[in-house]
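Numbering (the numbering used here), first residue to last: 7 to 682.
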């Protein structure tokens, strides 16, 4: 079995390649084209209309006796959560590079995500038939930008319009395709290409010898290195993420796909070969023990819910990656984090938006469980007898907001229900009520992200809604340290509720997040009970999200409780929770609060002749140019700019570059709002 994902920058050919893999493995009987809106993996109506992937789609196919579970991920940075949660549960990935553009900004982003989860990768240089394609340029780009050795296992025969096949450097054969790519023709290397092929094979062996002692010894001894030994040593290096083997092709013309399917089996790990999943075992005394979970179907059942998708008929589809044991259809499932028992009514194997029933889901496999009502993305499911929590996924903060309201009062509750479903599906989509204006505010990762979600509400759920202009989601913090004591006293139901809390707030390093520290231990001088300490913590952690002056969430604040005055007669949990919240609020107001705005990393691609105008446009919007890299056909510009100034940037960029420049935005960090 192989669990693999296909990842790349937008428009590099992920879905196109996936469609070919499904066709050549016999899973589908015709090739669905993205441009025609007929791709099997792009099943959402919006995906077909926009020609982009929005949701990661899962499917299963078979090749040479191997089961391959494939997840096709989006390329657009606004849907980064889909890539993040897919890579969290995959054992290997195919990284697709555009033969003309090389390593693009979003390729670097998904590569960082793959590195975080230690996912071994195979590289595929697509679009070798396009004008400006340069295979060896891409290899250099991979080495320079991704900081990994790119080992070419194939080199192209011809390029651009004359691209006709590849030379396999392991078997030293030429490969061409005919009959619409279904038949692979192997032949001896033509004499005029033999010398170059030998040099490229030498470079391949040299790259492998850098990570393999066995290859080094044979190479130095002048012995012949057989193809089976070379493959096994490449596999070992790929599993350790020491190299990335690279293939070439043109998926749109059905050239080069079968060797990539072979590479999935030859070089990417099976579930039991991948690194053991890290988990935290909960002991009876509430202590946590870190353990590794081997992939064993006979072990205790343990799985991770990595995606929730709402189905009108079936309810919540919980996508689960199994790490240990087996779940059977109709059996009881224990949600470890929520400490709730649920039932797996049905288990399905997904093929895009179609499904087939399964009797059970075993370790290493990916499937869908229907029947779990409480499960959320990142939840661990297992058994009560073995309470182990798998590491949760971390998602970026939403950076852009819009107001939304239903057209009629009677539809208000329906709108809230729909938004709750969408936020359960997408961890980077949040909803909140603006108490001052009474508006519903929804937040997401970018203009496209929110546009897609609003279109789903209007078309998929058929609900009329009015949408406000995009707004930036700011944050608040403090700039100096303040210590403050607060007293609380109220008479409720004839009983006095009193509390006294002393709190110190101090600014933390930017990007480090909020931190709560309790310097008062239970059983101390005032003998403060544990439930009072919990109430104080609830009051402060709750206040983190309610803001200081403007009502935006607080970040990068360390709050330390230094003293609690407690009396058994008047001290209640309610009083201490309210008192702690008030103390935090007042202390932060005195600590010189500051407003922080989101700063975006801007990656631009533009032709040489427009580079001056494009850079000028970025600086006009308060941006800073960080670097510029010149390529054969275009310039790459990296910059940072405040999110507030980037609305409508696409229109201006098209205007100054005659529609030939493009850009991607990704959240970078928060910094103090300036008047630039």
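Cβ atoms here follow ideal geometry from the backbone N, Cα and C, with glycine treated the same way. Quick caveat, the model's predicted, so the values are computed rather than measured.
For residue 217, the CB contacts under 7 Å within the same chain, skipping 5 residues up- and downstream, are 243, 248, 249 in chain order.
If you compare the alpha carbons of 541, 576, 562, 642 with that of residue 501, the shortest gap goes to 576. If you draw a straight line from the Cα of residue 110 to the Cα of residue 230, it comes to about 38 Å. Straight through space, the alpha carbons of residue 407 and residue 474 are spaced by roughly 9 Å. Judged by DSSP in its simplified three-state form, residue 321 adopts strand.
Three or more Cβ pairs closer than 8 Å define a contact, and the region 553–561 falls short of that threshold against the region 495–510. The continuous beta strand (DSSP E) containing residue 439 extends over residues 436–439. Note on geometry: alpha-carbon atoms of residue 277 and residue 241 lie some 15 Å from one another. Taking the C-beta atoms as reference points, residue 589 is found no nearer than 7 Å to residue 482. Per the coordinates, the alpha-carbon of residue 15 lies some 36 Å from the alpha-carbon of residue 232. Using a C-beta cut-off of 8 Å, the region 601–620 makes contact with the region 662–672, since at least three inter-stretch Cβ pairs fall below that distance. For residue 154, the CB contacts under 6 Å within the same chain, skipping 5 residues up- and downstream, are 250 in chain order.
Just so you know, the alpha carbons of residue 18 and residue 341 end up roughly 38 Å apart. A buried status is given to residue 13, since no fewer than 16 other beta-carbon atoms sit within 10 Å of its beta-carbon. Taking one beta carbon from each stretch, the region 203–218 and the region 171–187 have 3 or more pairs nearer than 8 Å; the two touch.
Distance from residue 270 to residue 523 at the Cβ level is roughly 48 Å; contact not present, criterion being Cβ atoms closer than 8 Å. With respect to residue 311, residue 301 sits apart: the two C-beta atoms are not nearer than 7 Å. Three or more Cβ pairs drawn from the region 394–407 and the region 303–319 lie within less than 8 Å of each other, which places the two stretches in contact.
In the three-state reduction of the DSSP assignment, residue 521 falls in the strand class, which pools E and B.
Three or more Cβ pairs drawn from the region 412–426 and the region 464–478 lie within less than 8 Å of each other, which places the two stretches in contact. The C-alpha of residue 318 lies about 18 Å from the C-alpha of residue 350. Here residue 455 is buried, its C-beta having at least 16 other C-beta atoms within 10 Å. Straight-line measurement puts the Cα of residue 171 at about 11 Å from the Cα of residue 259.
Here the C-alpha atom of residue 368 lies approximately 38 Å from the C-alpha atom of residue 151. In the three-state reduction of the DSSP assignment, residue 623 falls in the helix class. Remark: C-beta atoms of residue 131 and residue 116 do not approach each other more closely than 7 Å.
Annotated three-state conformation of residue 655 is helix, per DSSP.
Rounded to the nearest angstrom, the gap between the Cα atoms of residue 328 and residue 142 is 39 Å.
The DSSP-derived three-state label of residue 167 is helix. Taking 7 Å as the cut-off, the beta carbon of residue 253 is found closer than this to the beta carbon of residue 160. The C-beta separation of residue 644 from residue 659 comes to about 15 Å, leaving the pair out of contact by the 8 Å criterion.
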